[in-house]
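Heads up, the thing below is written out as structure tokens.
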Amino acid sequence: MSDSALRDHFSAMARNSAWSNHRLLTACEQLTDEEFAQKRTSFFPSIQLTLNHNLIVDHIYMADMIGKGRQNVGIEGDVPFPKASDLKRAQEEFDISLIEFCDGLSPEDLDRVISITWRTGDTSQEPIRLVLSHLFVHQIHHRGQAHAMLAGTQVPPPQLDEFFLNYDSPRRQGELFTQ
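FYI, in the numbering used here the residues of the sequence shown are 390 to 568.
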């Protein structure tokens, strides 16, 4: 895959992530605050914890990629956004920055190696292309968990896999992040 094709792929993945987050969090806004925070069966035991975790990790990896450093993320606690509506706004802000970041990647950026210091104290050297790949897989993984938990409520979980194919374009017509 050429570097421009990889950049275009990451840009498309960033838009897909933003679209999926928007759809999922719009559905979550239909829950009461109590339902959003209610204990459920999953790795993170609530929709609230799971989706806050996703945003926190998004910020951590972005801080690593732009050289800000994960210790300077500025998000406190496991649930910085207890309400779905506040989390949705914060996630959309991040998603716009991720789209801009991916759209601006050069071939040199894709190969640039960054140093990541993990919670264990270990440090690894990772190219941006792998960090972005990991970031998107991480997001999809936890959105799927939140989607499954949402299925256990009165709110129907939204379709999240109608983004890339031309066949699906009529179903997402006019939605945010689809252009």
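Glycine included, every Cβ here is placed at the ideal spot set by N, Cα and C. All of these numbers come straight from a predicted model, not from anything done at the bench.
- A direct Cα-Cα distance of roughly 16 Å separates R560 from T415.
- S400 is positioned such that its CB atom lies closer than 8 Å to that of D492.
- Apart from the 5 residues on each side of it in sequence, F432 sits with its Cβ closer than 7 Å to the Cβ of Q534 in its chain, given in chain order.
- Assignment of V502 by DSSP, reduced to helix, strand and coil, places it in the strand class.
- Taking one beta carbon from each stretch, the region 468-481 and the region 401-414 have 3 or more pairs nearer than 8 Å; the two touch.
- Here Q543 carries a coil assignment [DSSP, helix/strand/coil].
- Nearest to Q419 by C-alpha distance, out of R404, T542, H398 and L549, is T542.
- Between A452 and the set F490, P434, K477 and D475, the nearest pair of CA atoms involves F490.
- Counting only runs of at least 4 residues, the region 413-453 fully encloses the following alpha helix (DSSP H) elements, listed from N- to C-terminal order: 422-426.
- The three-state reading of DSSP puts S409 in helix, counting H, G and I together.
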